[in-house]
Structure formats: structure tokens, C-alpha cells
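Residue numbers (this note's numbering): 1496 to 1819. Backbone N, C-alpha and C fix where the C-beta goes; we use that ideal spot for every residue, glycine too. Okay, structure first, notes after.
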Amino acid sequence: MALENGAISLPDAGRIALFRARADHDLSALPPERIEAIQGFFPEYQALKARGVAVRVAPEGDYAAALVFLPRAKAEARNLIARAMALTGGGPVIVDGQKTDGVDSILRDCRRAGAQVGEVFSKAHGKVFSATGGAFSDWLAPARREVAGGFVTAAGVFSADAPDRGSLALAAALPVALKGRVCDLGAGWGFLSAQLLTRDAISECHLVEAEHAALACARENITDGRAQFHWADATTFDAVAGFDHVVTNPPFHQGRAADADLGRGFIAAAARLLARHGTLWLVANRHLPYEKDLSAAFAEVNEVAGDASFKVFRARKPKLKKTR
Ligand SMILES: C[S@@+](CC[C@H](N)C(=O)[O-])C[C@H]1O[C@@H](n2cnc3c(N)ncnc32)[C@H](O)[C@@H]1O
């Protein structure tokens, strides 16, 4: 609508990078042969590709313009806008965001950074505006940062500042004697896999992670030859199976609210991926009601550790029929 009513405009030629484009975005007002979605989340990447949209996990080369679909985390939003400014040689960078994504404060910040901001198009709870010029280099996040334990993380990945408290609780609850083939579902930058690989009796460790940037950090953090990396959707992953153990700190946020459905998909996947004798180790925020789902998928479920914030489950005897 902002394009159609002239509030924003695009240059006549050249590629247009769409940061954080999703398959459910209406991209019909954009010239299809000139757009390139930048999307590292595997399920969205695949869905965009299936729609015929050109998609990359990271930008490549220069662009004539960029559109940033605003993420909620402010540091990440600022980083994307700064990258978009650099790749376009100073814009135009079109920002599309909801009030709940903090679009008003980003708009103020863009003006403060000295950008020329055109007409601000408002509709329902969203705003779209175009920015050019300005000084954004101090909005850029470093490509890598080092956190406790000597691990590297990147802006925008889960627990980028330090190992997650839930994952620490899960790691502490894992028996020293774990052995065999293990799978880390939603492995992030590799914290749990690194803990698993301290055990000599682990023969293979498969890291399954949907965020390309997080998996890239995991590859740097884990150089052990027993590790195998899979950029994939954990809920449909089937490249390898018959695991002795699956460990997971499943995702619990889609936008603002905690969403138990995300973890449910991981529990079902774990039951499918485990050997009949296999064991699932799962940590969850205490308020997330996974008990029923665990009991539906496993014959034996125990809460083996936890505190006021987290609970750690051990689930055995997967009930689902094996496909392999
Ligand atoms: C709660 S974090 C745990 C990360 C890591 N295991 C740790 O302990 O720091 C959940 C992870 O699942 C990933 N994720 C979300 N949806 C996914 C999916 N459908 N398939 C695979 N990974 C997914 C997220 O990117 C995130 O890295």
C-alpha cells in the first residue's frame, strides 16, 4: 500500500534485498525479478523458495535498495538497518515494522542518525518509511563475539550473550556415562553439543539447527570430528535416525508469547528419531505444559532436575511406530 500510494518508491533498476522476508509476506508490489530475500531460517527459506522468490542466507554484493522487515530485538533491528545502509551505499532502506516491534523508536533513531526520512506511511498497527543517508556504522553488531567458555556467538542468535540458564540446567543433569549416537535438536551455537562431546563414549553428535547463522557459530565452536551439522527443520528432519539419545532445549518463542506448540513438534520429532531403547533429555521453562505431550510420545517420563524456572525431563520408550 505504501508503494501503491507513493509514500515510498524504489529505484528503477538494480537488485532489492529483503531482510527477514517471510513466505507469508505480500511481496506482490515488488518487481519479482529484482528482489532477493535474505532469510537464514530454514523453514522460511524453503517456503520462500517454493513460492519462486530468489532467496539467500546472507546478502551478496551490492543492492540498489533494501527493505527491512523489522525484528523485535532492537539491537538486531539496528544491525540489519546498518547492514542494509552499507550494502546500498546509503539507502534507500525501507523499514516495515509493527508498533510492537518498536518501529516508532527505530524511526526516531534513524532521524537521529541523520538519515533523510520520507513520508511515514501508517496503517493499522504498522509503519513503513524510507531512509537515505545518515551515519549508521555504530549500529553494526560485530560479526562474532566471544562469551563465557570461549564460545563464539553472533547477533540475533539465541543466547548470544552467554550460555542459556535452561541449557546449563540440562547440561548439569546429563549423566557422565552417556554413550553412542546423540542428536542435539535446535542446537543453536552448540553449547549442549560441546558438553556432550566431552564424553569419550559418544560416537556421533548430530547438531540440527534451523538458523543458518547459529549453525555457522556451532561449526566454529565445535571442531570435534564426531560432530555432524545439519541446517534443517528439526520437526521434519529425517536424514539420520536411530539415536541413543536426543537432547533438546526446544524453542519457546514465536514473537512475544511463549508458544508450547514449538516444543511439541520437537517432542514428536525426538520420539521419531530415537532408537527403541533411546532416551530424550529435554529442558523447558517451568510454566510450559509439556507433560501431556511427553506422555503421549513416551511410555516412561520423569522430571529428573529443575528449579523454580526450569524443569528437566528424561523420557524413555518412544511410542511412535518407527519408519526406519
Ligand atoms: C531454546 S534455543 C536452544 C539453543 C541451544 N541448544 C542452546 O542450548 O543454546 C532453541 C533453538 O532451536 C532453533 N530452532 C527453532 N525452530 C527450529 C526448527 N524448526 N528446527 C530446528 N531448529 C529450530 C532456534 O534457532 C534455537 O537455536
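Query, Result
"Pick from 1534, 1579, 1665, 1697 that is closest to residue 1605, judged by C-alpha positions", "1579"
"Near ligand 1: residue 1738 beta-carbon under 8 Å from a heavy atom", "no"
"Same chain, Cβ closer than 7 Å to residue 1678, neighbours up to 5 away in sequence not counted", "1701, 1703, 1738, 1741, 1768"
"Beta-carbon proximity list for residue 1726, same chain, < 8 Å, skipping 5 on both sides", "1537, 1704, 1705, 1707, 1710"
"Contiguous alpha helix (DSSP H) assignments of at least 4 residues, all confined to the region 1503–1586", "1537–1545, 1569–1582"
"C-beta atoms of residue 1743 and residue 1777 nearer than 9 Å", "yes"
"Assigned exposure category for residue 1608 - 16 Cβ within 10 Å defines buried", "buried"
"Check whether residue 1756 and residue 1664 have beta carbons under 9 Å apart", "no"
"Residue span of the beta strand (DSSP E) that contains residue 1717, given as start and end", "Taken as a continuous stretch (DSSP letters only), residue 1717 belongs to no beta strand (DSSP E), as it is neither H nor E."
"First through last residue of the beta strand (DSSP E) which encompasses residue 1786", "Unbroken run through residue 1786 is the alpha helix (DSSP H), 1786–1792; no beta strand (DSSP E)."
"Beta-carbon gap between residue 1566 and residue 1626 smaller than 9 Å", "no"
"Through-space distance from residue 1554 to residue 1508, alpha-carbon basis", "18 Å"
"Environment of residue 1656 [buried if 16+ CB atoms lie within 10 Å]", "exposed"
"Whole-angstrom distance between residue 1747 and residue 1809, CA atom to CA atom", "19 Å"
"Strand pairing of residue 1744, partner residues [DSSP]", "According to DSSP, residue 1744 bridges with nothing at all."
"Local conformation of residue 1735 per DSSP, three classes", "coil"
"Alpha carbon of residue 1775 to alpha carbon of residue 1666, nearest angstrom", "13 Å"
"Ligand 1 heavy atom lying under 8 Å from the CB of residue 1662", "yes"
"When 1672, 1712, 1680, 1682 are compared against residue 1693, the one with the closest alpha-carbon", "1672"
"Integer Cβ distance of residue 1650 from residue 1528, believed to fall under 8 Å", "The pair is not a contact, with the Cβ atoms about 31 Å apart (cut-off 8 Å)."
"Close beta carbons around residue 1690, own chain, < 6 Å, minus the five adjacent residues each side", "1666"
"Proximity below 9 Å, CB of residue 1539 to CB of residue 1510", "no"
"Cβ neighbours of residue 1517 in the same chain (closer than 6 Å, five flanking residues each side left out)", "1539"
"CB contact check: residue 1569 to chain C, cutoff 9 Å", "No chain C is part of this structure, which consists of one protein chain only."
"Residues near residue 1653 by beta carbon distance below 6 Å, same chain, minus five either side", "1683"
"For residue 1729 and residue 1681, believed in contact at Cβ under 8 Å, the rounded distance", "6 Å"
"Sequence ranges, beta strand (DSSP E) only - wholly within the region 1656–1701, length at least 3", "1675–1680"
"Where the alpha helix (DSSP H) through residue 1758 begins and ends", "1755–1768"
"Enclosing alpha helix (DSSP H) for residue 1598 [first to last residue]", "1598–1607"
"Spatial distance of residue 1612 from residue 1630 (CA atoms)", "13 Å"
"Residue 1621 - partner residues in DSSP beta bridges", "1593, 1618"
"Spatial distance of residue 1600 from residue 1812 (CA atoms)", "51 Å"
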